[in-house]
Structure formats: C-alpha cells, structure tokens
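Positions 93 to 319 (the numbering used here) are the ones given, in order, by the sequence shown.
Below is one structure; the comments refer to it alone.
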Amino acid sequence: MPFAIYPWMNELIRQLQRVFKHRLQAVGLQGSFRRGEETPQSDIDAVVILDKLTAQDISFYKDILSHMPPTHAHPVCGFFGGKEELQNWPRADLFQFMQDTQWLCGGLTDVLPPPACEDARQAVQTAAGTIYHALVHTWVHGQLGPDFLKSLGKSAFFMLQAAHYMRTGRYIATKQQLLQALSKPDEREILRLSFTPLSQEALPGAAARLLNVCRDLLAESARPNAK
C-alpha cells in the first residue's frame with residue numbers, strides 16, 4: 093500500500109506546533125513526494141522553518157522525528173532552519189528552495205522575494221560547475237559507476253529546471269514535463285539519467301554527454317541576463 097504522505101505531514105505539523113508554538117513559521121514538502129514522483133525508496137523532504145534556529149531546537153526536532161509514525165522505509169530529510177537565516181541565504185540556492193516547496197502550514201512569501209531569472213542563472217552556473225567538477229574528479233581519480241551517474245543525473249534535473257526558467261521564465265516541476273519542454277537533445281538525455289537505469293556499457297557516452305552539457309551551461313549562464 094503506498095505511503096500516505098499528507099496525513100504523515102499533518103501529524104508532523106501538529107507535533108511541531110505542540111513543541112515550538114508561535115515560533116513555528118512554516119512547514120512544507122519538497123522533492124519526489126511533492127512532485128508525485130515518489131518511489132518505495134524516496135526520501136521525505138520535509139521543510140520546517142522556525143523564527144530563528146538554536147542548537148536546542150535541533151535536539152527538539154530530532155526528538156519529534158523519533159516519535160513520529162513509521163514512514164515505511166522512507167528516510168526523513170529535507171531542511172530545518174530559521175527564517176532569519178533564510179533571509180540572508182544565497183539567492184541561487186533559494187531559487188530551487190522556493191520553487192520546489194509546497195507550503196502546508198504558513199509560508200515565506202512575506203519575507204522572501206519571488207524567484208527571478210537572475211537567481212536561476214546563478215543557480216545554473218553553480219550547479220553546472222559543481223557537477224562538472226564532481227564528474228571529472230571521479231572520472232580521473234575514482235571509478236564511474238551507474239549509481240554515481242544516477243546521482244549526478246538527479247542534480248542535473250535541478251540544474252535543467254533552473255536552465256529552462258533562465259531561458260523562458262517558466263518553472264516546470266516534474267521530470268516528464270521537463271523532458272517534453274527541453275529542446276536540446278543532450279539535455280533531454282541527461283535528464284533521463286535521473287530515472288532510467290544505465291548499463292555499464294552506456295557509462296562512457298553518458299558521462300561525456302553530461303560533461304558537454306555542463307560545459308555549455310557554464311558558458312550560457314556566464315552571460316549576464318542569459319535567456
């Protein structure tokens with residue numbers, strides 16, 4: 093029987109309100125459960141925002157999670173932090189954070205400006221550089237494997253979401269919808285890495301394609317007002 097995410101999240105909200113009371117600013121859901129693309133192994137990406145986070149709050153939150161109903165092998169992760177800290181967070185990181193979060197209690201639209209194409213451009217530039225470095229480093233000093241390429245494919249999904257927004261001003265939430273919207277064949281093939289099993293024989297070609305996509309996006313996002 094599929095795991096019922098929203099009753100579980102509602103129980104989490106009740107427990108958070110019991111412990112943190114008026115300090116609780118917002119609770120949301122991100123990731124594959126939010127997109128309706130969850131699998132039996134998917135994480136629960138819960139977002140919990142307090143007014144200002146303290147070390148003691150972290151212990152309280154850990155205790156709340158330890159007493160929550162079973163998640164049927166879905167690990168709980170996500171983001172736990174303070175509203176004040178998010179107001180000072182890098183805009184490139186906040187682009188994905190704001191676009192991907194479904195607020196179930198409260199929200200942050202009153203304190204965080206809506207994402208802009210410039211934020212998406214910076215997110216693309218950061219992600220392309222990070223993926224590029226991880227790919228080349230592992231290719232030279234480690235061993236490329238299907239699991240490693242799949243993990244980079246997941247990061248590339250977020251990068252390509254931001255790239256599409258940078259170009260069009262439109263955010264596309266799901267992988268299948270983004271696959272249809274992307275016009276560049278190499279970008280579509282890279283997106284498939286995040287949800288398609290990859291054989292050992294296909295690894296070199298997939299790695300080379302990912303390298304080329306990152307290189308091209310670094311060049312595109314380096315141009316001011318890239319669209």
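Backbone N, C-alpha and C fix where the C-beta goes; we use that ideal spot for every residue, glycine too.
If you look at F152, you'll find it in the alpha helix (DSSP H) that goes A147 to S158.
Assigned with DSSP and collapsed to three states, A118 falls in strand. Within the region 245-295, the complete alpha helix (DSSP H) segments at least 4 residues long are 267-273 and 277-284, listed from N- to C-terminus. C209 is not a Cβ neighbour of Y153, given a cutoff of 8 Å. When only Cα atoms are considered, Q214 and A254 end up about 9 Å apart. Counted as a single uninterrupted DSSP element, the beta strand (DSSP E) harbouring G174 occupies residues V168 to G174. Under the 10 Å beta carbon count, W100 is surrounded by 16 or more other beta carbons and is classified as buried. For V140, no alpha helix (DSSP H) run applies; the uninterrupted beta strand (DSSP E) run containing it begins and ends at I136 to L142, by DSSP. If you look at G123, you'll find it isn't in any beta strand (DSSP E); it sits in the alpha helix (DSSP H) that goes G123 to R127. Nearest Cα to A265 within the set F125, F112, R106 and H159: F125. With 16 or more other Cβ atoms from the protein chains shown falling within 10 Å of its own Cβ, I97 counts as buried. Distance check between Y224 and each of P296, A298 and L303 places L303 closest, using alpha-carbon atoms only.
With 16 or more other Cβ atoms from the protein chains shown falling within 10 Å of its own Cβ, S313 counts as buried.
DSSP places W181 in the coil class of the three-state scheme, outside both helix and strand.
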